[in-house]
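With the UniProt record's numbering, the residue at position 104 of the sequence shown is 104, and numbering never jumps.
Here's the structure, in structure tokens; my notes come after.
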Amino acid sequence: MNNEFYAVVGHPINHSKSPRIHSLFASQTGEPVEYTAVQAPLDDFAATVRRFFEGGGKGLNVTVPFKEQAWELAECFAARAEKAGAANTLYQNSAGQLVADNTDGYGLVRDLATNHGVQLQGARVLVLGAGGAVRGVLGPLLEQQPASLTIANRTVAKAQALAALFADEAGTATLSACGFNEPDQPFDVIINGTSASLQGDLPPLCANVIAAGTVVYDMMYSLQTTTFNQWALDNGAVRVFDGLGMLVEQAAESFRVWRGVRPETAPVIDALRND
Ligand code: ATR
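Put into structure tokens, the structure is as follows:
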């Protein structure tokens, strides 16, 4: 069978792990997938997407800084992408319309719940940040029916806007918004979705948010312990995870959306840890 073409688009893109992940999925499943990385000019994302599909491409992953633009470009949305305001997965439906999906939140929940055995139902969850990355994962997190979900952000108004946007998906969860310095009681799960560590910063949290049983998850991944996870360890956390599992799980879900086949993720996560 001839290969079918997929790619990840971003700027910059040279450090993306997506081509490696998807080629491991392709060899594992035997699917005829050829997956490359495409750097779109900052002012030319829409044309890059159009050229890719006109050239016969089957599906795109989208990464920083184009996820919001990808969402705006789409003509149809997977239900879970409607409120995300950002898309990491694009493809065309049978009518040739561009469909946007967002598998980031699914990837986060799957890594937490399945790979790390973290119970989200009934948990008190603290989410740090209120940018695109957090907006993309709030829906799937709320679907897990936590007891409470607190969004803390440097700019409190942005956290409040997200809490208002997702209010009708909260179900029985208490959904609230605040600044970083406000929470002073332990949480069951703390998820860092800020980009503070890119500037070498830490969200100025009170260490009381961490108890010995708190699970700390940094959506960033890195070969070393991330700055945020190190702060958590220094303040008594025992279970800390970075975002490598989320990266592989969101990729597997995109692969499933495109190909109808779910790859196994554990061997791929292991392979990337050992690269
Ligand atoms: P992303 O797509 O990664 O979410 P973003 O939309 O620019 O990127 O959002 C970045 C998030 O990290 C925001 O919540 C931002 O806080 P503000 O809303 O107040 O800007 C947060 N952030 C970035 N740098 C930070 C820093 N140095 N300290 C604390 N929070 C920071």
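In this text, a Cβ means the ideal position worked out from N, Cα and C, and glycines have one as well.
Between residue i and residue j, is the Cβ-Cβ spacing less than 9 Å?
i    : j    : result
T227 : V248 : no
L108 : L149 : no
L205 : E169 : no
T48  : V8   : no
A133 : I151 : no
H22  : F255 : yes
G131 : R80  : no
G245 : N192 : no
G179 : A159 : yes
Y6   : G57  : yes
V33  : F45  : no
F166 : K83  : yes
D242 : D218 : yes
A177 : A147 : no
N115 : A78  : no
V38  : F53  : no
W71  : A95  : no
What does the alpha-carbon distance come out to for the pair residue i and residue j?
i           : j    : result
residue 278 : N229 : With the chain represented from 1 up to 275, any question about residue 278 goes unanswered, as that position is not in the structure.
A237        : R262 : 33 Å
T155        : V216 : 22 Å
A100        : E75  : 8 Å
G55         : N153 : 42 Å
L202        : L112 : 22 Å
residue 281 : Q69  : Residue 281 lies beyond the stretch modelled for the chain, which goes from 1 to 275, so this question has no answer here.
R50         : I13  : 18 Å
L90         : L60  : 5 Å
L73         : L98  : 8 Å
A136        : G30  : Residue identity differs from the one stated: residue 136 is Gly in this sequence, not Ala. Their Cα atoms are separated by approximately 30 Å.
N274        : S195 : 25 Å
L233        : R239 : 8 Å
L126        : V268 : 29 Å
V118        : N93  : 35 Å
N3          : L223 : 32 Å
R259        : E182 : 45 Å
I210        : D43  : 42 Å
K67         : S197 : 20 Å
S145        : A207 : The displayed chain sequence assigns Gln, not Ser, to residue 145. Answer to the nearest angstrom: the Cα atoms are 25 Å apart.
The beta strand (DSSP E) spanning residue i covers which residue range?
i           : result
R189        : Sequence inspection shows Val at residue 189; the Arg mentioned does not correspond to that position. Element bounds for V189: V189 to N192.
R124        : R124 to L128
S148        : S148 to A152
residue 310 : An answer regarding residue 310 cannot be provided, because it is not within the stretch 1 to 275 covered by the chain.
A215        : Note that residue 215 is Val in the sequence shown, not Ala. V215 -> beta strand (DSSP E) spans V215 to D218.
Go to residue i, then tell me how far its alpha helix (DSSP H) extends in each direction, as first and last residue.
i    : result
T226 : Unbroken run through T226: none, as it is neither H nor E.
F5   : Looking at the DSSP string, F5 is not in any alpha helix (DSSP H); the run it does join, the beta strand (DSSP E), is E4 to G10.
L165 : V156 to L165
L175 : Element bounds for L175: not the alpha helix (DSSP H) but the beta strand (DSSP E), T174 to C178.
E143 : G132 to E143
Which ranges would you report for the beta strand (DSSP E) in the region 22-103 if only whole runs of at least 3 residues count? 33-39, 59-62, 89-92 and 98-101
Check whether the region 11-22 touches the region 251-260, taking contact to mean three or more Cβ pairs, one atom from each stretch, closer than 8 Å. yes
For the region 233-272, which segments carrying the alpha helix (DSSP H) assignment without a break, of at least 4 residues, lie completely within its bounds, in sequence order? Whole alpha helix (DSSP H) segments, 4+ residues: 244-259.
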